[in-house]
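So the sequence lines, in the order shown, correspond to chains A and B.
Reading the first sequence from the start, the letters are residues 1 to 246 in full-length UniProt numbering.
Reading the second sequence from the start, the letters are residues 1 to 150 in full-length UniProt numbering.
Beta carbons: idealized from backbone N, C-alpha and C, even for Gly.
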Amino acid sequence: MKDADLIIETTLLAGKIMIENGADMARVDDTLKRIARNSGITDPAIFETTTGIMMSVKGAHAQVVSIQRRRIDLERIARVNDISRAYQEKKKTLLEVNQYLKNLEQTAPDFKVYWLVLAAGIVGCTLEIMYGGSWRDFLPTFCLSALGYYIFYLINTRFRVKFASEFIAALVIGFLAIFCVRSGIAKSYGMIIIGSVMPLVPGVPLTNAVRDLLAGHILSGLARATEGLLSAVAIGMGIAFVLRFF
Amino acid sequence: MDLKMIIFQLIFSYLATVSFAVTLNIPRSALNLCGLIGALGWLVYKSLYLVHTGIVLANLVAALVIGLSSVIAARLKKKPMILFNVPSLVPLVPGGQAYRAIYYFAFKNDNLALRYLVEAGMIAGAISMGFFLAELGAQMYFKLANSTKK
Numbered sequence: 001m002k003d004a005d006l007i008i009e010t011t012l013l014a015g016k017i018m019i020e021n022g023a024d025m026a027r028v029d030d031t032l033k034r035i036a037r038n039s040g041i042t043d044p045a046i047f048e049t050t051t052g053i054m055m056s057v058k059g060a061h062a063q064v065v066s067i068q069r070r071r072i073d074l075e076r077i078a079r080v081n082d083i084s085r086a087y088q089e090k091k092k093t094l095l096e097v098n099q100y101l102k103n104l105e106q107t108a109p110d111f112k113v114y115w116l117v118l119a120a121g122i123v124g125c126t127l128e129i130m131y132g133g134s135w136r137d138f139l140p141t142f143c144l145s146a147l148g149y150y151i152f153y154l155i156n157t158r159f160r161v162k163f164a165s166e167f168i169a170a171l172v173i174g175f176l177a178i179f180c181v182r183s184g185i186a187k188s189y190g191m192i193i194i195g196s197v198m199p200l201v202p203g204v205p206l207t208n209a210v211r212d213l214l215a216g217h218i219l220s221g222l223a224r225a226t227e228g229l230l231s232a233v234a235i236g237m238g239i240a241f242v243l244r245f246f
Numbered sequence: 001m002d003l004k005m006i007i008f009q010l011i012f013s014y015l016a017t018v019s020f021a022v023t024l025n026i027p028r029s030a031l032n033l034c035g036l037i038g039a040l041g042w043l044v045y046k047s048l049y050l051v052h053t054g055i056v057l058a059n060l061v062a063a064l065v066i067g068l069s070s071v072i073a074a075r076l077k078k079k080p081m082i083l084f085n086v087p088s089l090v091p092l093v094p095g096g097q098a099y100r101a102i103y104y105f106a107f108k109n110d111n112l113a114l115r116y117l118v119e120a121g122m123i124a125g126a127i128s129m130g131f132f133l134a135e136l137g138a139q140m141y142f143k144l145a146n147s148t149k150k
C-alpha cells in the first residue's frame, strides 16, 4: 500500500500548510476531502484541529501531523486551494502535488519587510483620519504604527513568544504617543493609539473562530477564539500599562 | 458631509484595506478587488451611521454587504473567500470602543469601561452575524440555482 501512504502524506501536508497559515476549518476539511476523494479514497477519515491533524484509510497506516506555529499568510492558503483544484481537473499528478506542497514554503512570494512596515503605517494613519482624528496627528500615527508593526514583526520572527510581541509593540506605541503629545508634536494621544494598534488587531483568528463555531468545529473555534482574545488582551494590557503609569 | 468628504473617505478606506491586505500577504491579483470591497463596506456603514440607524445595525448591514461581495469576488476569481472578507472589515473593527474601555479601566471608572466593552462586543457580534447571514444567503442562492438547472 505505498500509494495510500503517499495519498495520506500529501493530504496531511496540504492540511498542515492551510492551518498553519490561518484557514478556517470548513475550508480545510473541504480541501482535504477533495484531495482524498480525487485520489480514489471513497471514505477518508480525517480529524483536524488547530494543533494537529489525523487521517486514516482502510488498509494503510494512519498518520498524524502536529502543527506547532500559526501565523497569517493568505497567499499560501490560496496556492493550496489552486493546486487542489488543478489536481481535481487532472492537470497535476499526485506526486507533482506532493512536490509542489513541499516546496511551497520557499516558492510562494512574500512581501519584503519594508513593504509590510509601510503598509502598516498606511493602515494606521488612514484609519486615524477616518475615525475623525485631526490632521496634525496624521504623520505621528503613520510613524508609530509603522514602528509598532516593525517591533511586532521582529519579535514574532526572532523569538517564539506569541503574545509578548503584541504587548511590547503596544507598550512602545502608547509610550511614544504620550511623548508626542507632551512635547507638542501631536494633539490627541487617544486617536494616535487607536490608529497605531490597528495593524496588530487579530482580525483573522477572531473571524475564523466565529466561522468555525458556526460550522460545527467547536474545538477549533474555541481554540482560535482564545488565541484571538489573548492577542487582543495583550494589546490592551500594553496600552493600559502606559495610560496608568504615565 | 459634502461630496468632497465622501470621495476622500472612500479613497482612505480603499488605501486602508489594501495596506491591511498587504500585511496579511494576500495574492497580488486580489489586492485591488479587496480595496474596492473595503471601500464599499465603509460607504454602507458611513451612510447608515449618518441616517442614525444605530451603530450595531450599521455594522451588521456593512458586514452583510462585504460578505456578499466577497462571495461574488471569490466565485469570479476562483479563490477562497477569506482573502476578500478579512481585509475588508478592518475599517469596521471597534477600535475606538475597545480603546475607551481600556482607558476607563486604567483610570478605575469600571461602569463606563464595561459600557464600552459591551459596545465593542456587540459590534464584533454584529460583524460576525453579517458574515454568517451573507454565507447563508449565498448557500441558499446556489442551492436554488442548482435545483432549477436540473
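If you measure between the beta carbons of residue i and residue j, is that distance less than 9 Å?
i, j, result
"L200(A)", "Y149(A)", "yes"
"E48(A)", "V28(A)", "yes"
"I194(A)", "G67(B)", "no"
"V86(B)", "V61(B)", "no"
"I37(B)", "A73(B)", "yes"
"A170(A)", "I239(A)", "yes"
"A101(B)", "A120(B)", "yes"
"S13(B)", "T126(A)", "yes"
"I92(B)", "G41(B)", "It is worth fixing the name first, because residue 92(B) is Leu in this sequence and not Ile. Taking 9 Å as the Cβ cut-off, L92(B) and G41(B) qualify as a contacting pair."
"Y103(B)", "G190(A)", "yes"
"V242(A)", "A225(A)", "no"
"E128(A)", "I192(A)", "yes"
"V65(A)", "L101(A)", "no"
"I122(A)", "S88(B)", "no"
"T207(A)", "F131(B)", "yes"
"V22(B)", "L154(A)", "no"
Hey, could you find the ends of the alpha helix (DSSP H) residue i is sitting in?
i, result
"M54(A)", "Where M54(A) is concerned, there is no enclosing alpha helix (DSSP H), although the beta strand (DSSP E) it sits in stretches over G52 to S56."
"A16(B)", "L3 to T23"
"V64(A)", "Element bounds for V64(A): not the alpha helix (DSSP H) but the beta strand (DSSP E), Q63 to S66."
"P140(A)", "F138 to R158"
"V80(A)", "L74 to Q88"
"D212(A)", "G203 to A215"
"F179(A)", "K162 to R182"
"G221(A)", "I218 to F245"
Quick one: what does DSSP say residue i is sitting in, helix, strand or coil?
i, result
"V51(B)", "coil"
"T93(A)", "coil"
"T49(A)", "strand"
"N21(A)", "coil"
"A74(B)", "helix"
"P91(B)", "helix"
"M1(A)", "With a pLDDT of only 47 at M1(A), under the threshold of 50, the placement of this residue in the model should not be trusted; the figure read from the coordinates follows. Coil at M1(A), not helix or strand."
"S147(B)", "helix"
"D110(A)", "coil"
"M198(A)", "helix"
"A186(A)", "coil"
"G41(B)", "helix"
"F84(B)", "helix"
"G40(A)", "coil"
Spell out whether any CB of chain B is found under 9 Å from the CB atom of residue i.
i, result
"P140(A)", "no"
"residue 254(A)", "The question about residue 254(A) has no answer here: the residues shown for chain A are numbered 1 through 246."
"D110(A)", "yes"
"W115(A)", "yes"
"E227(A)", "no"
"Y87(A)", "no"
"N81(A)", "yes"
"I219(A)", "Inspection of the sequence shows that residue 219(A) is occupied by Leu rather than by Ile. False, the Cβ-Cβ gap to chain B never drops below 9 Å."
"L243(A)", "yes"
"S134(A)", "no"
"T11(A)", "no"
"L154(A)", "no"
"R70(A)", "no"
"V172(A)", "no"
"V97(A)", "no"
At which residues does the beta strand (DSSP E) containing residue i begin and terminate?
i, result
"T126(A)", "Premise fails: T126(A) lies in the alpha helix (DSSP H), V113 to M130, not in any beta strand (DSSP E)."
Just checking: is the beta-carbon of residue i within a distance shorter than 9 Å of some beta-carbon in chain A?
i, result
"Q139(B)", "no"
"L68(B)", "no"
"K4(B)", "no"
"E135(B)", "yes"
"V65(B)", "no"
"R115(B)", "no"
"I102(B)", "yes"
"F142(B)", "no"
"N59(B)", "no"
"Y99(B)", "yes"
"G95(B)", "yes"
Decide if the region 55-62 of chain B is in contact with the region 96-114 of chain A; the criterion is three or more beta carbon pairs, one per stretch, under 8 Å apart. no
Take every Cβ of the region 176-185 of chain A, pair it with every Cβ of the region 91-103 of chain A, and state whether three or more of those distances are shorter than 8 Å. no
Three or more C-beta pairs under 8 Å: does that hold for the region 29-40 of chain B against the region 136-147 of chain A? no
Identify each residue in the region 14-26 of chain B for which the Cβ-Cβ distance to at least one residue of chain C is less than 7 Å, and report them in chain order. Within the model displayed, chain C is absent; protein chains A and B are what it includes.
Contact between the region 17-36 of chain A and the region 64-84 of chain A (3+ Cβ pairs under 8 Å): yes
Touching by the beta-carbon criterion (3+ pairs, under 8 Å), the region 221-239 of chain A and the region 164-174 of chain A: yes
Can at least three beta-carbon pairs, one atom from the region 150-161 of chain A and one from the region 218-230 of chain A, be found at a separation below 8 Å? no
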